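In what follows, a structure is listed as structure tokens, so that the remarks can point back to it.
Numbering (my numbering), first residue to last: 218 to 467.
Quick look at the structure:
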């Protein structure tokens, strides 16, 4: 078991380190009633700096989610108490956008459909390699936009900003931006899923008193939408009476 975990760790070593902007670790909730599998997941995740909480039944997992906010879930499909799909539904009621990976020995198409319909973001059947599971987890967290990378990139969904080269891509396609458009997008990407008021954006991006002319924010948001969202599922959203929010497209 330890050799498998070390092999998985080596596979993750080349990937960018993920952490919260304040430096706190990624928090993962592993819900697995087989101790061997739980430990197999726990060891490499802890070694790359993630904070791991393990539960061996569904009710305990829901209680843990009420008391602590997690960044990603790993759920066994078949659990004592509540099955993984029901656990996911209940935790999504507490934290609606948390990414989730289901582990299961059930590989019938209907089982996959049930898991995905419940909101699972990914689905791995047993037996699996630990490398595959951990790489999929890394991808889910990276794409969620809830944490940043210690490399010089900001990633929200399929939108990527390289802070060294100032290159921006969406879905792998280059997005040309002016200097001010880039600064505005950087601020939005540094605060994904947060409602940012026009006044707050004005202060952060333009960094001086603009005479209260918050319409400049509306203008540049319009520019960004044409560059980022045109012909795609939108990422920049207006929250009426409050401001704007950037979040991954569904």
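Backbone N, C-alpha and C define an ideal beta-carbon position, used for all residues, glycine too. Given the structure is predicted, the values throughout are model-derived calculations rather than measurements.
In its chain, beyond the 5 residues on either side, 385, 402, 444 have a beta carbon closer than 7 Å to the beta carbon of residue 394. Assignment of residue 453 by DSSP, reduced to helix, strand and coil, places it in the strand class. Beta-bridge analysis with DSSP links residue 372 to 377.
The stretch 274-284 makes contact with the stretch 239-256: 3 or more CB pairs, one atom from each, lie closer than 8 Å. In the DSSP assignment, residue 295 falls outside any beta strand (DSSP E) and carries neither an H nor an E.
Sequence-distant Cβ neighbours of residue 255 in its own chain, meaning closer than 8 Å and more than five residues away, are 247, 249, 271, 273.
In this structure, the CA atom of residue 315 is about 16 Å from the CA atom of residue 372. In this structure, residue 436 sits away from residue 398, with a CB-CB distance that is not shorter than 8 Å. The alpha-carbon separation between residue 302 and residue 294 amounts to approximately 6 Å. Just so you know, the alpha carbons of residue 252 and residue 286 end up roughly 23 Å apart. For residue 339, the beta-bridge partners assigned by DSSP are 318. Residue pairing by DSSP puts residue 242 in a beta bridge opposite 236. Between residue 266 and residue 304, the gap from beta carbon to beta carbon reaches 8 Å or more. Within its own chain, the residues whose Cβ lies closer than 6 Å to the Cβ of residue 388, once the five positions on either side in sequence are excluded, are 375, listed in chain order. Residues 316, 317, 318, 357 of the same chain have their beta carbon placed closer than 8 Å to that of residue 338, with the five preceding and five following residues left out of the count. For residue 382, no alpha helix (DSSP H) encloses it, and the DSSP letter there is neither H nor E. DSSP, reduced to helix, strand and coil, places residue 270 within a strand of the structure shown.
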